[in-house]
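First up is the structure itself, then whatever we jot down about it.
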Amino acid sequence: MKDALTIHRSLLEREIVHEIVRLPRPITQADELPRMLDLPPERCLATRMYGCLDAARGERFLAALIVPAGSHPDLEPVRRAVGARLIRPARPDLVNSIADYCADLVCPLLLPDTVPVLIEQDTMDLLSPDVVVYTATGEPLTALGLRMADLYALSGAKPVGLCPAG
């Protein structure tokens with residue numbers, strides 16, 4: 000499984016300024032980061048993983064969506080953006096095996112090339128490229144802090160407009 004050290008080494012190789020933060024208590028999901036770091040949710044990003052069925056070929060694949068912690072958006076725009084006929088939250092065992100991260104603590108970096116990565120457009124619009132954002136590292140006791148511009152560039156994320164669910 001990928002962890003904070005794997006991420007740290009990758010960022011050092013690319014000379015990306017970042018920090019690995021030790022959390023005061025373990026977390027079980029990225030949605031807990033704002034409380035642990037005493038930051039607003041929009042500065043703490045969660046990577047949601049979805050199981051998809053390709054609309055053209057009928058093949059299954061995973062897709063990732065970067066959103067503010069605690070956000071659970073409508074999946075229809077995500078489905079359209081990745082060209083899926085069907086989309087639903089991915090099973091944890093599938094996330095673990097394909098993404099190589101703990102399912103509820105996925106970092107949006109170092110995901111396989113086969114996983115399309117999207118980011119909520121409102122998050123991109125709200126945050127300055129130089130703002131430091133925090134995300135999970137795959138481990139319950141650490142978080143990754145880096146500039147929004149670096150997270151965006153390194154994740155290869157494509158912005159997508161979303162509407163909040165219910």
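In numbering that gives the first Met the number 0, the protein residues as written are 0 to 165.
Think of the CB as a built atom: it goes at the ideal place given N, C-alpha and C, for glycine as much as any other residue.
Computed from a predicted model, the values in this text were never measured in an experiment.
For His17, no alpha helix (DSSP H) encloses it; the enclosing beta strand (DSSP E) starts and ends at 17–21. Assigned with DSSP and collapsed to three states, Pro107 falls in coil, not helix or strand.
If only complete runs of 3 or more residues are kept, the stretch 88–155 shows the beta strand (DSSP E) at 116–119, 131–135, 141–146, in order along the chain.
Around the beta carbon of Glu41, 16 or more other beta carbons sit within 10 angstroms, so the residue counts as buried. The continuous stretches of alpha helix (DSSP H) do not include Ala54, and DSSP gives it neither H nor E. Setting aside the 5 residues that flank it on each side, Gln120 is surrounded in the same chain by Pro158, Val159, Gly160, Leu161, each with a C-beta closer than 8 Å to its C-beta; the list follows chain order.
For Ala63, the enclosing beta strand (DSSP E) covers residues 59–67. Taking Val132 as reference, the option from Ile86, Gly155, Pro33 with the minimal CA-CA separation is Pro33. In the assembly as shown, Pro39 is an exposed residue. Its beta-carbon has fewer than 16 other beta-carbons within 10 Å.
By the neighbour-count criterion, in which 16 or more other beta carbons inside 10 Å mark a residue as buried, Ala98 falls on the buried side. Here Pro158 carries a strand assignment [DSSP, helix/strand/coil]. Tyr100 is the residue among Gln28, Tyr100, Leu104 whose C-alpha sits nearest the C-alpha of Pro111. When the beta-carbon positions are compared, Ile65 and Ala142 stay at least 7 Å from each other.
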